[in-house]
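Residue numbers (this note's numbering): 152 to 277.
The beta-carbon is built from N, C-alpha and C at its ideal position, and this holds for glycine as well.
Worksheet: one structure, shown below.
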Amino acid sequence: MVLEHFFSLILSPVSSTSDPYVKFKVGGKVVFKSKTVYKDLNPIWDETFVVGIEDPFEPIQIKVFDYDWGLQDDFMGMATVDLSTLELNTPVEKTVVLQEPGKHEYMGTVTLNLTLVPKTQEEKEQ
152 MVLEHFFSLI LSPVSSTSDP YVKFKVGGKV VFKSKTVYKD LNPIWDETFV
202 VGIEDPFEPI QIKVFDYDWG LQDDFMGMAT VDLSTLELNT PVEKTVVLQE
252 PGKHEYMGTV TLNLTLVPKT QEEKEQ
């Protein structure tokens, strides 16, 4: 999976910039956390990572936060990726819209490159 970038993150009411980072969760467990991009509303991460998925019907939850040194980080939005819509071994670029549960305002987008690859026999035996 490749975390690429955001477009047009929504500003917090007290700041003109953000220090965003992304957490990826599967089954409520954090499986990857991106680096923080400081003072940027259009961050580019360009990070590649592999997530071992046991159940391809379990969606990946993406949560974006604004890092606040010494304080609780601010929630900036979330999205889910349904892996069951992906074809095996076929890279796909996917842009998801960030939302806040219970609200309908636009909070930005995140773009990912995804490839669903089955485990090898050796990986299954580990």
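Query                                                                                                                                                             : Result
Is there contact between the region 227-236 and the region 205-217, where contact requires at least three CB pairs shorter than 8 Å?                              : yes
Does DSSP put residue 234 in a helix, in a strand, or in coil?                                                                                                    : helix
Does DSSP put residue 193 in a helix, a strand or coil?                                                                                                           : coil
Does the beta-carbon distance from residue 212 to residue 176 come in below 7 Å?                                                                                  : yes
For residue 248, does the count of other Cβ atoms within 10 angstroms reach 16, so buried, or fall short, so exposed?                                             : exposed
List, from N- to C-terminal side, the beta strand (DSSP E) runs of 3 residues or more that fit wholly inside the region 198-224.                                  : 211-217
Using CA atoms only, rank isn't needed, just tell me which of 180, 178, 179 and 185 is closest to residue 170.                                                    : 185
Report all residues from its chain with a CB closer than 6 Å to the CB of residue 174; omit the five preceding and five following residues, and keep chain order. : 181, 184 and 214
Report the CB separation of residue 240 from residue 266 in whole angstroms; it is logged as a contact under 8 Å.                                                 : 7 Å
What residue does the beta strand (DSSP E) around residue 267 start on, and which one ends it?                                                                    : Run containing residue 267: none; DSSP gives neither H nor E here.
Determine the direct distance from the alpha carbon of residue 204 to that of residue 221, and round the result to whole angstroms.                               : 34 Å
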